[in-house]
Amino acid sequence: MLEILTAVILITAIIMAGFRRINLLTKGFRIQSLAIGLLCFALGYLSGESHYYVIGVLTLITKTVLIPHFMNRSIKELSANREMDPIINGWWSSVIAGIFIAVIYVVMEGFNSDFIIAGVVLLVTGALMLVARKKAITQMTGFLVMENGLVLLELSMIKMGLLIDILIILEVLLISAIMAIMIFYINKVFHSVNTDYLSNLKD
Amino acid sequence: MSIIYIIQSLLLIAGAPLFVGSLRRLKAVLRGYKGAPVLQPYYELMKLFSKGRVLSGNSSFITSIAPAIVLAASILLAFTVPVAYIGSDYGLGNIFVIIFLMAILKFMTVLIGLDSASAFGGMGGSRELFISMFAEPIGFLTAAFLYFEAGSFNIIEITYINSRGIAEPAAHIMAAVAFLLWIAAENTRIPVDNPETHLELTMIHEAMLLDLSGRDLAYFELSTYLKLTVSMALFVNAFIPFGIAASASGSFLLTAFVLFVVKMLIMLSMLAVTETIMAKFRLFRAPELLATSFCFALTAIAIVYLH
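In order, the protein sequence lines correspond to chains A and B. Under my numbering, the first residue of the first sequence is numbered 5, with each subsequent residue one higher. Under my numbering, the first residue of the second sequence is numbered 1242, with each subsequent residue one higher.
This is the structure:
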């Protein structure tokens, strides 16, 4: 069961690196967060410790319900619902993501836990989405994928305190709420969320 | 070469139009109309054999010999794939033989498309080779993944080792998804090509066969059905090979055969659902899809090779 969920998480990360439509990105992020929540439940069932269940419930509530709700409310006003010309174009996104993932597996050869490597894969794929796109909403999705990678990383570490888990998840919630509000206002002023126009503010 | 191998490959050749007929019936049921009977491809082939051939004046000897070569290559392909019984004599079945036989099929089809001296044949040939330029690395990467996982290039040994247990299920699932996209690209299924289109500007595979008639068209249709059946049998036996019979006793063989038919029917229904839900991608969006599948295969190899 753990292996199937790891495969689903990796597949959604690679697919999201190549998508251009925004509603597909939101759906992919939801499926990924659902897989991470189910992974927390499976780990809690296997090891018998109760703090995994709490992380799982919190992850499901914030990342499957609340954050997509914020994102949907702020992208409802958008006129263009796909990324027109990203910085890295077309199929090169997927190929570069694949090369990065292979390099990660080479570099982290000594670790035998599966989730550390999957967490770093999500971090790098999220960073790729963050850097290689021009629209603010896809950059926000890249940031959220990086946060998913962080949650996977901390799942496989030694048992951290419950307080730190709750702090991380609340931080993600607040930052994504702030980003959604800012995207809404950027759209109102410029009538697009292309971040090239933000350089008009320089003078 | 045991007699059971020959019998099961002959059954595969005889049953390929039946699989395609049941795929069309499943698609019709999903779309809400009654559909042709399941044995309809057999009737179409018999009708085509009784018709005469019409050859263009500008075609060369390729039009005379290519249909026979294509049919011979696809029949040979059916003999290299395990169906329900794997014994201890691993004669045929090298993965590279399978890949290169499919390449011979594609090459002769493109040649006959060019040979008919019509514009649509050349267009279909160039599109088919454009897509296969992106799809061939995926095929080779999946073959490399199977080698790293099982330690052999022979598909019969790979089936036997995989039916014992899978070491890395996460990598296995990712390579299976990559291989499914490869099947869609090689056999001209949605989302890469629409197999039942009648508009020539949207055709990729059928445009090369537009100028054939009679016996030649029957050979090509049969080889297309066989290529689809063999690709799906390859997927079923390399990635979900539980229940395969390793000894020639009666009950094991029967269970393995019934399980094989059930697995193929499940794959056919997945294919029918995909073809009903989605539309064909634009031609220049197909490389993005195949690049994603390439990335899956690369990740699967990275997981398996370094653990």
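Positions of the beta carbon are idealized from the N, C-alpha and C atoms, including for glycine.
### Query
In whole angstroms, what is the alpha-carbon distance linking Ile91(A) and Lys138(A)?
7 Å
### Three or more C-beta pairs below 8 Å linking the segment 1332-1343 of chain B and the segment 1415-1422 of chain B
no
### Query
Does the ligand NAP have a heavy atom nearer than 7 Å to the CB of Ile1244(B)?
Among the ligands in the structure shown, none appear at all, so the ligand NAP cannot be discussed.
### Query
Taking 8 Å as the CB-CB cut-off, is Phe1535(B) touching chain A?
yes
### Task
Measuring only between beta-carbons, confirm whether Ser98(A) sits less than 8 Å from chain B.
yes
### Task
Taking only the alpha-carbon atoms, compute the straight-line gap between Ala1376(B) and Ala1313(B) and give it to the nearest angstrom.
24 Å
### Task
Starting from the beta carbon of Ala101(A), find every residue of chain B whose beta carbon is closer than 7 Å, and list them in chain order.
Cys1536
### Message
What would DSSP say about Lys67(A), mapped onto helix, strand or coil?
### Response
helix
### Contacts that Ile105(A) makes with chain B (C-beta to C-beta distance below 8 Å)
Cys1536, Leu1539, Thr1540, Ala1543
### Message
Going by C-alpha to C-alpha distance, which of Asn1395(B), Val1279(B), Leu1524(B) sits closest to Arg1265(B)?
### Response
Val1279(B)
### Message
I need the straight-line Cα distance from Ala1269(B) to Ala1255(B), nearest angstrom please.
### Response
23 Å
### Message
Does Thr1540(B) pass the burial test, meaning 16 or more other C-beta atoms within 10 Å, or should it be called exposed?
### Response
buried
### Task
With 7 Å as the C-beta to C-beta threshold (strictly closer), list the residues of the segment 1363-1383 of chain B near chain A in chain order.
none
### Task
Please report the Cβ distance between Leu1524(B) and Ala1257(B), rounded to the nearest whole angstrom; I am assuming they are in contact, meaning their Cβ atoms lie under 8 Å.
Contact flag wrong, Cβ pair sits at about 28 Å.
### Query
Do three or more CB pairs link the segment 8-15 of chain A to the segment 1402-1416 of chain B at distances below 8 Å?
yes
### Task
Provide the residue span of the alpha helix (DSSP H) that contains Leu202(A), from first to last.
Taken as a continuous stretch (DSSP letters only), Leu202(A) belongs to no alpha helix (DSSP H), as it is neither H nor E.
#### Entry: chain A contact for Val1418(B) (CB, 8 Å cutoff)
yes
### Task
Locate the alpha helix (DSSP H) running through Val1295(B), then write down its first and last residues.
Per DSSP, Val1295(B) belongs to no alpha helix (DSSP H) and is neither H nor E.
### Task
Note down, in chain order, every chain B residue with its Cβ under 7 Å from the Cβ of Val110(A).
Leu1547
### Task
Would you tell me roughly how many angstroms separate the C-alpha atoms of Val1261(B) and Asn191(A), rounded to the nearest one?
51 Å
### Task
Measure from the alpha carbon of Phe1537(B) to the alpha carbon of each residue in Ile1327(B), Asn1395(B), Ser1250(B), Ile1379(B), then state which is nearest.
Ile1379(B)
### Task
Let me know the secondary structure DSSP gives Tyr1326(B) once reduced to three states.
strand
#### Entry: Cut-off 7 Å between Cβ atoms - residues of its own chain near Leu29(A), not counting five sequence neighbours on either side
Met20, Phe23, Thr142, Thr145
### Task
If I'm right that Ile1248(B) touches Phe1389(B) with Cβ under 8 Å, what's the distance once you round it to whole angstroms?
Incorrect: roughly 33 Å between the Cβ atoms, too far for contact.
#### Entry: Residue-chain proximity (Thr129(A), chain B), Cβ-Cβ < 8 Å
no
### Query
Are there 16 or more other CB atoms within 10 angstroms of the CB of Tyr1401(B), so buried, or fewer, so exposed?
buried
### Query
Leu14(A) touches chain B at which residues, Cβ-Cβ below 8 Å?
Ala1411, Met1415, Thr1540
### Query
Between which two residues does the alpha helix (DSSP H) carrying Leu1506(B) extend?
1491-1518
### Query
Hey, which unbroken runs of the alpha helix (DSSP H) at 4 residues or more fall wholly within the segment 96-127 of chain A?
none
### Message
For Ala1474(B), which residues in the same chain have their Cβ closer than 6 Å to its Cβ, ignoring the five residues on either side in sequence?
### Response
Val1322
### Task
With a threshold of 16 other CB atoms inside 10 Å of the CB of Ala1325(B), please say whether the residue is buried or exposed.
buried
### Query
What residues from the segment 15-30 of chain A come within 7 Å of chain B, judged by C-beta to C-beta, listed N to C?
Ile15, Ile18, Ile19, Gly22
### Task
Report all residues from its chain with a CB closer than 7 Å to the CB of Pro1528(B); omit the five preceding and five following residues, and keep chain order.
Phe1375
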